[in-house]
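Reading through the structure tokens given below for one structure.
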Amino acid sequence: MNKTPSISYAVALALVAFAAQPAFAAVSAEEAAKLKTTLTPLGAEKAGNADGSIPAWDGGYTKVAPGWKNGQPRPDPFAAEKPVASISAKNAAQYDARLSDGVKTLMKKYPDFRIDVYPTHRTAAAPAWVYENTFKNATSAKLADNGYGVVDAYGGIPFPIPKTGIEVMLNARLAWEGVAQKYPLNTWVVTGDGHRTLSSAGQMSWLWPYYYKDARDTYLAKPAHYKIGSFVKSDPSAVAGEVILLHETVNEEKVPRGVWQYLVGQRRVRKAPSIAYDTPDTVTSGTGLFDESFGTMGPIDRHEYKIVGKQEMYIPYNSNKTALAKVDELVTPKFLNPDHVRWELHRVWVVEATLLPGKRHVMTKRRYYIDEDGWKLVMADHWDAQGQLYHLQYTLPYLAPDIPAVVSTVQWGIINLLTGQYYYNCNFNGLPQHFPVPDVPKQLNEAMLSPEAIATGAR
Numbered sequence: 003m004n005k006t007p008s009i010s011y012a013v014a015l016a017l018v019a020f021a022a023q024p025a026f027a028a029v030s031a032e033e034a035a036k037l038k039t040t041l042t043p044l045g046a047e048k049a050g051n052a053d054g055s056i057p058a059w060d061g062g063y064t065k066v067a068p069g070w071k072n073g074q075p076r077p078d079p080f081a082a083e084k085p086v087a088s089i090s091a092k093n094a095a096q097y098d099a100r101l102s103d104g105v106k107t108l109m110k111k112y113p114d115f116r117i118d119v120y121p122t123h124r125t126a127a128a129p130a131w132v133y134e135n136t137f138k139n140a141t142s143a144k145l146a147d148n149g150y151g152v153v154d155a156y157g158g159i160p161f162p163i164p165k166t167g168i169e170v171m172l173n174a175r176l177a178w179e180g181v182a183q184k185y186p187l188n189t190w191v192v193t194g195d196g197h198r199t200l201s202s203a204g205q206m207s208w209l210w211p212y213y214y215k216d217a218r219d220t221y222l223a224k225p226a227h228y229k230i231g232s233f234v235k236s237d238p239s240a241v242a243g244e245v246i247l248l249h250e251t252v253n254e255e256k257v258p259r260g261v262w263q264y265l266v267g268q269r270r271v272r273k274a275p276s277i278a279y280d281t282p283d284t285v286t287s288g289t290g291l292f293d294e295s296f297g298t299m300g301p302i303d304r305h306e307y308k309i310v311g312k313q314e315m316y317i318p319y320n321s322n323k324t325a326l327a328k329v330d331e332l333v334t335p336k337f338l339n340p341d342h343v344r345w346e347l348h349r350v351w352v353v354e355a356t357l358l359p360g361k362r363h364v365m366t367k368r369r370y371y372i373d374e375d376g377w378k379l380v381m382a383d384h385w386d387a388q389g390q391l392y393h394l395q396y397t398l399p400y401l402a403p404d405i406p407a408v409v410s411t412v413q414w415g416i417i418n419l420l421t422g423q424y425y426y427n428c429n430f431n432g433l434p435q436h437f438p439v440p441d442v443p444k445q446l447n448e449a450m451l452s453p454e455a456i457a458t459g460a461r
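Per my numbering, the very first residue in the sequence shown carries number 3; after that it's consecutive.
Right, here's the structure in full:
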């Protein structure tokens with residue numbers, strides 16, 4: 003009797019069962035031990051670089067300015083420093099290896115664009131409990147959701163010693179930014195001919211259940227949305243009261259993403275799955291794409307991700323000076339006024355994303371630059387189907403020693419390298435409050451960020 007068919011059937015069942023399991027991505031205990039020796043608690047190289055232009059990490063910046071109160075502008079602790087280099091099209095070749103393709107393209111397009119490079123300060127920091135959770139995650143976190151999600155991670159960086167591109171991207175998604183945010187913001191759009199308009203204004207709120215302190219057992223036993231948030235519009239007046247509600251996930255299979263909108267004209271809450279991928283972002287008048295928001299937003303499963311390497315690059319960093327500038331002086335034609343943007347030399351992970359066969363997206367190739375110290379997605383270059391460098395994505399990391407954190411969910415935007423249009427989002431320049439941290443649960447809680455709440459609250 004030929005038993006081959008039954009053996010093949012058994013093998014097939016085994017393969018199916020194996021495929022359904024999360025891919026193993028945790029490192030050995032021996033390798034994880036580096037997080038307490040040669041690596042920082044979040045996984046960066048603790049040592050500086052060869053010539054000392056990148057110093058050793060010494061614990062980050064946690065010194066709150068005397069007299070500072072929550073909601074007040076955070077001062078620039080490095081305001082007295084002078085640039086060590088100023089780079090433009092005239093001398094870009096001298097610094098070529100440390101400039102992204104997007105920055106080099108912008109310099110070629112606008113000879114008057116420049117970046118002022120200041121001394122490097124490795125300010126990234128987090129509470130001790132985040133460091134300890136990161137250490138635990140190193141030997142427990144696993145890839146899931148067809149390799150685009152993560153399980154068995156909580157309260158810290160999931161893959162502090164990454165081996166794959168998607169692990170780096172998940173680290174950026176789950177980077178420490180605090181437990182909660184609730185702040186007023188403006189979104190400015192500047193057209194190719196230099197006209198500035200207020201595209202949107204309102205209040206942004208975020209909660210990170212992934213970072214609820216002392217909730218490891220609860221979160222791992224019943225995975226939840228890693229962050230939930232809402233944007234309530236106050237301007238333009240025609241859309242005042244409209245709301246976008248986001249329940250974001252890093253495991254679509256077990257915790258599906260939820261997106262809703264409250265539209266004033268319809269007076270009802272509806273699901274909004276189109277707020278994802280390459281749908282034009284209505285908050286920015288269509289200048290950017292929804293999945294470019296906050297570094298990345300929503301599903302990222304239409305591309306394949308690979309680590310290109312780690313390299314020293316000039317990136318925006320510690321840019322509190324940007325938040326202190328007047329709108330008229332900062333949001334200028336063609337690009338943000340370089341006088342008010344701080345750049346530093348840091349080591350970054352470079353991850354390249356390539357569109358998967360059979361998938362559709364206006365960006366067929368993307369290159370992300372993620373700061374090694376805080377896992378912040380600080381820049382990205384995006385190419386279209388014609389191979390043209392289309393979007394330069396930027397974040398101006400904001401130092402909040404009171405959290406403590408280097409925050410990358412504020413002061414970000416897109417420059418369209420083809421049309422010259424750009425936007426500057428989630429900024430609080432000129433507003434009465436600068437990124438206040440809300441009291442949880444008194445000022446912000448999960449009940450406030452539900453479809454039911456926005457239905458009643460928006461009315």
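Virtual Cβ for every residue (Gly too), placed ideally from N, Cα, C.
Looking at the unbroken beta strand (DSSP E) that takes in residue i, where does it start and where does it end?
i: Asp386; result: 379-386
i: Asn427; result: 424-429
i: Val350; result: 345-357
i: Lys235; result: 229-237
Identify, in the order they occur along the chain, each residue of the same chain with its Cβ nearer than 6 Å to the Cβ of residue i, setting aside the five sequence neighbours on each side.
i: Ile417; result: Leu394, Tyr424
i: Asp293; result: Tyr279, Met299, Gly300
i: Lys444; result: none
i: Tyr221; result: Tyr156
i: Thr464; result: Because the chain here runs from 3 to 461, residue 464 falls outside it and cannot be looked at.
i: His197; result: none
Start and end of the alpha helix (DSSP H) containing residue i?
i: Lys38; result: No alpha helix (DSSP H) holds Lys38; DSSP gives it neither H nor E.
i: Gly311; result: Segment 305-318 is the beta strand (DSSP E) holding Gly311; no alpha helix (DSSP H) there.
i: Glu331; result: 329-332
i: Ile168; result: 167-175
i: Asp103; result: 103-111
i: Asn322; result: 322-326
i: Asp480; result: Shown here, the chain extends from 3 to 461; a query on residue 480 therefore has no answer.
i: Asp453; result: According to the sequence shown, residue 453 is Pro rather than Asp. Residues 453-460.
i: Asn139; result: 130-140
Work out the CA separation of residue j and residue i for me, nearest whole Å.
i: Val409; j: Ala177; result: 9 Å
i: Ser55; j: Thr458; result: 54 Å
i: Leu108; j: Asn93; result: 14 Å
i: Ala140; j: Ile163; result: 7 Å
i: Gly62; j: Glu306; result: 33 Å
i: Ser142; j: Ala28; result: 5 Å
i: His348; j: His123; result: 9 Å
i: Leu37; j: Val119; result: 30 Å
i: Leu291; j: Tyr426; result: 13 Å
i: Ala407; j: Val181; result: 11 Å
i: Val170; j: Lys65; result: 29 Å
i: Asp219; j: Ala128; result: 21 Å
i: Ala52; j: Val412; result: 32 Å
i: Asn135; j: Tyr400; result: 24 Å
Buried or exposed for residue i, please, with buried defined as at least 16 other CB atoms from any protein chain shown within 10 angstroms of its CB.
i: Asp147; result: buried
i: Ser102; result: buried
i: Pro434; result: exposed
i: Asp441; result: exposed
i: Ser201; result: buried
i: Val310; result: exposed
i: Asn320; result: buried
i: Asn72; result: exposed
i: Arg368; result: buried
i: Lys106; result: buried
i: Ala12; result: Here the model assigns Ala12 a pLDDT of 39, short of 50, so the residue's position is not dependable and the matter cannot be decided.
i: Trp414; result: buried
Quick one: what's got a C-beta closer than 8 Å to residue i's C-beta in the same chain, skipping five residues either side?
i: Glu448; result: Leu209, Pro211, Ile230
i: Lys328; result: Asn431, Gly432
i: Thr40; result: Glu47, Lys48, Ala49
i: Glu83; result: Tyr120, Pro121
i: Asp2; result: The shown model of the chain, from 3 to 461, leaves out residue 2, and the question about it has no answer.
i: Gly204; result: Pro186, Leu187, Phe233, Val234, Lys235, Ser236, Asp237
i: Leu446; result: Ala182, Lys184, Ser207, Leu209, Pro440
Output needed for residue i: all residues of its chain with C-beta closer than 7 Å, excluding positions within five of it in sequence on either side, in chain order.
i: Leu172; result: Val152, Pro160, Phe161, Val252
i: Val257; result: Pro225, Ala226, His227, Thr251
i: Gly50; result: Ile56, Pro57, Ala58
i: Leu451; result: Ser207, Leu209, Ile230, Gly231, Ser232, Leu247
i: Pro75; result: Ala325, Leu326, His436
i: Gly288; result: Pro282
i: Pro24; result: With a pLDDT of 45 at Pro24, under the threshold of 50, the modelled position of this residue cannot be trusted; read the value that follows with caution. If we look at Pro24 and ignore the five residues flanking it on each side, its Cβ neighbours are Lys144, Leu145, Ala146, Val153.
Just to check, is the beta-carbon of residue i closer than 8 Å to a non-hydrogen atom of the ligand HEM?
i: Pro438; result: This structure simply doesn't include the ligand HEM, nor any ligand for that matter.
Problem set entry | the segment 368-388 touching the segment 26-44, judged by at least three CB pairs closer than 8 Å | yes
Exercise. For the segment 329-348 against the segment 131-147, are there 3 or more C-beta pairs whose distance is under 8 Å?
Worked result: no
For this session: Flag this pair as touching only if the segment 84-103 and the segment 310-324 have three or more C-beta atom pairs under 8 Å; answer yes or no.
Result: yes
For this session: Flag this pair as touching only if the segment 237-248 and the segment 262-277 have three or more C-beta atom pairs under 8 Å; answer yes or no.
Result: yes
For this session: Please confirm if the segment 108-119 is in contact with the segment 329-338, defined as three or more CB-CB distances below 8 Å between the two stretches.
Result: yes
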